Amino acid sequence: MNDSLTGLSVTAGAMVAKGKGILAIDESFPSIKKRFDSIGIESNEENRRAYRELLIANPGAGDYISGMILFDETIRQATLDGVSFPEILSRQGILTGIKVDAGTSDHAGHPGEKVTEGLDGLRKRLLEYRQLGARFAKWRAVITIGADIPTNACIEANMHALARYAALCQESGLVPMVEPEVLMDGDNTIDRCYSVTRITLHTLFDMLYRQDVRCEHTILKVNMVVPGKLCPQQAGIDEVAAQTVQCLLDAVPASIPGVVFLSGGQSAELATAHLNAMNASCPSLPWPLSFSYGRALQAPCLKDWGGKKENVAKAQARLLHREKCNSLACLGRYTPEMEQAA
Ligand code: 13P
673 MNDSLTGLSV TAGAMVAKGK GILAIDESFP SIKKRFDSIG IESNEENRRA
723 YRELLIANPG AGDYISGMIL FDETIRQATL DGVSFPEILS RQGILTGIKV
773 DAGTSDHAGH PGEKVTEGLD GLRKRLLEYR QLGARFAKWR AVITIGADIP
823 TNACIEANMH ALARYAALCQ ESGLVPMVEP EVLMDGDNTI DRCYSVTRIT
873 LHTLFDMLYR QDVRCEHTIL KVNMVVPGKL CPQQAGIDEV AAQTVQCLLD
923 AVPASIPGVV FLSGGQSAEL ATAHLNAMNA SCPSLPWPLS FSYGRALQAP
973 CLKDWGGKKE NVAKAQARLL HREKCNSLAC LGRYTPEMEQ AA
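In terms of this note's numbering, the sequence shown opens at residue 673 and continues consecutively.
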């Protein structure tokens, strides 16, 4: 294996090291504004920097977190003392990741569906991110469930873009995290989520194969199989765990080094409980199952912080607690009583 391939193997393995997961803090400008609106603070550059410093420079995070996914603005920012964020992460043994998609647009000719943009100029941007310290990248495709959607056209367009992005990442020495997200916003049943997630994953791995993307240097980030938020029949923890594992076994090659989940709007504690149930009930899967949550890790911490300097330590402790609970969930050793203890 040549040096660059060894590098990709080491990075991919480190991203899903035993008992570790990923913190996603890559909210775009509109998304971080939404989060800041919820605590009544302005989304300006300094507030975003201060909040990201709290998340990035949290003592002890390296015990539970293998990587953090940053946004373009964040990878160029630094602590108040002037140390760059990628350097702070590196000192804690945490890999720097970078979101490289340019968000979603309406999919032409397909009402209600989205396609992710960002391939133009991507090769050049990836080289710059690598120089800034990134070791892995993320691209998110969004699949919406509705009456007559998703269409094959939407799934194929999005999975093709993911494969082209992944090939460019591997060429640039970055591990691609491929993220097809089947949204949980509708009123669909868990069975419908299963079938849409299944075809999405089969299409993704077919496209990766056709574009000569190496699975062994690719991390899958995906939704859990859950009913839509508006579905009258919600599912229990064990059912979500069983359906999610079954769907992955059906569609994900064994050569993938690891699978991480997004939280997608699940509460912090439920996202942890679901991950724990999968690992507790299925200890010997072909890949480690871990987390790459945004909201389910950050939400309690963001609330505690409230934009105030005097709350930083409390907010960091809250974040560390969630990181620890999810780390234990990767090992199937989390219990809900751990929440009371906190
Ligand atoms: P959530 O866990 O909040 O869904 O975010 C994860 C993510 O990175 C979405 O792209």
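Ideal placement from N, C-alpha and C gives every residue a C-beta, glycine not left out. Note that the coordinates shown come from a computational prediction; the quantities given were computed from them, not determined experimentally.
Once you ignore the five residues that flank residue i on each side, which residues in its own chain have a CB closer than 6 Å to its CB?
i      : result
GLY966 : ALA696
GLY900 : MET856, GLY858, ASP859, ASN860
State the Cα-Cα distance for the pair residue i and residue j, rounded to the nearest angstrom.
i       : j       : result
GLY685  : ASP675  : 15 Å
ILE928  : LEU961  : 11 Å
VAL912  : ALA923  : 17 Å
PHE708  : GLU714  : 6 Å
GLU843  : GLU851  : 19 Å
GLU982  : GLY754  : 21 Å
SER935  : GLY858  : 16 Å
HIS779  : GLU1011 : 42 Å
SER703  : GLU995  : 22 Å
ILE909  : GLN938  : 12 Å
PRO925  : GLY978  : 43 Å
ILE817  : ALA914  : 21 Å
GLN750  : ASN719  : The sequence as given places Ala at residue 750; Gln does not occur at that position. Each residue's alpha carbon lies about 13 Å from the other.
ALA985  : PHE701  : 25 Å
ASP744  : LEU846  : 15 Å
ILE747  : VAL898  : 33 Å
SER1026 : LEU742  : In the structure as shown, the chain starts at 673 and stops at 1014, and residue 1026 therefore has no counterpart that could be examined.
SER956  : SER777  : 39 Å
ARG870  : MET896  : 11 Å
ARG812  : PHE757  : 23 Å
HIS782  : THR823  : 8 Å
HIS993  : LYS706  : 24 Å
ILE760  : SER964  : 19 Å
ALA949  : ALA1001 : 8 Å
LEU902  : ARG802  : 41 Å
THR890  : LEU920  : 15 Å
LEU752  : ALA987  : 18 Å
GLU800  : ASP792  : 15 Å
LEU798  : GLN764  : 23 Å
THR916  : ILE862  : 10 Å
CYS954  : ASN716  : 44 Å
GLY712  : LYS975  : 10 Å
LYS980  : ALA722  : 10 Å
SER999  : VAL688  : 11 Å
GLU725  : ALA968  : 18 Å
VAL894  : GLU828  : 16 Å
VAL932  : LEU892  : 6 Å
LEU880  : ASN830  : 12 Å
PRO958  : ASP773  : 29 Å
GLN1044 : THR872  : In this structure the chain extends from 673 to 1014, so residue 1044 is not present and cannot be described.
MET849  : PRO904  : 33 Å
TYR866  : GLN918  : 9 Å
MET740  : SER762  : 11 Å
In chain order, what residues of the same chain lie with their CB nearer than 8 Å to the CB of residue i, ignoring the 5 residues before and after it?
i      : result
ARG795 : LEU840, GLU843, SER844
GLU888 : SER681, ALA684, SER927, ILE928, PRO929
LYS690 : PRO960, CYS1002, LEU1003
ARG882 : ALA835
GLY775 : SER700, THR788, GLU789, GLY790
GLY784 : THR816, GLY818, ILE821
ASN951 : LEU961, ALA1001, CYS1002, LEU1003, GLY1004
Counting only the same chain and skipping the five closest in sequence on each side, list residues whose C-beta sits under 7 Å from that of residue i.
i      : result
CYS997 : THR944, TYR1006, MET1010
VAL885 : ALA835, ALA838, ALA839, GLN842
PRO972 : ALA940, ARG990, ARG994
VAL868 : ILE815, ILE817, PRO822, VAL854
ALA825 : HIS782
GLY679 : GLY845
GLN906 : PRO899
ARG864 : ILE817
Consider the C-beta atom of residue i and the heavy atoms of the ligand FMN; say whether any pair is separated by less than 7 Å.
i      : result
THR768 : This structure lacks the ligand FMN; the ligands present are the ligand 13P.
Environment of the ligand 13P in chain order, Cβ to heavy atom below 5 Å
A distance filter of 5 Å between CB atoms and the heavy atoms of the ligand 13P selects the following residues in sequence order: ALA696, ARG812, LEU934, SER935, GLY936, TYR965, GLY966, ARG967.
- [ ] Could you say if the region 831-841 and the region 864-878 meet the contact criterion of at least three C-beta pairs nearer than 8 Å?
- [x] Counting Cβ pairs under 8 Å, three or more are found: they touch.
Contact between the region 786-793 and the region 716-731 (3+ Cβ pairs under 8 Å): The region 786-793 vs the region 716-731: no contact.
Can you find at least 3 beta carbon pairs, one from the region 691-706 and one from the region 736-748, that sit closer than 8 Å?
Result yes; three or more Cβ-Cβ pairs closer than 8 Å.
* Pairing CB atoms from the region 942-956 with CB atoms from the region 990-1007, are three or more of them under 8 Å? -> Short answer: they touch.
Assess contact between the region 806-815 and the region 761-772, defined as three or more Cβ pairs (one per stretch) separated by less than 8 Å. Is contact present? A contact exists between the region 806-815 and the region 761-772.
### Task
Just list the alpha helix (DSSP H) runs in the region 825-906, keeping only unbroken ones of 4 residues or longer that don't cross its boundaries, in chain order.
As for any alpha helix (DSSP H) of minimum length 4 sitting wholly inside the region 825-906, the runs are 862-882, ordered along the chain.
Requested in this report: Could you tell me which uninterrupted beta strand (DSSP E) segments, each at least 3 residues in length, are contained entirely in the region 737-779, listed from first to last along the chain?
Outcome: Qualifying beta strand (DSSP E) stretches, in chain order: 737-742, 767-771, 776-778.
Runs of beta strand (DSSP E) lying entirely within the region 693-731, each at least 3 residues, in chain order:
Those beta strand (DSSP E) runs which fall completely within the region 693-731 and span 3+ residues are 693-696.
- Message: What ranges does the alpha helix (DSSP H) occupy inside the region 929-959, keeping only unbroken runs of at least 4 residues that lie completely in it?
- Response: Runs found: 940-953.
Report task. Tell me the start and end of each unbroken beta strand (DSSP E) in the region 786-823 that is at least 3 residues and wholly inside, in chain order. Result -> List check, beta strand (DSSP E) in window: 786-788, 806-815.
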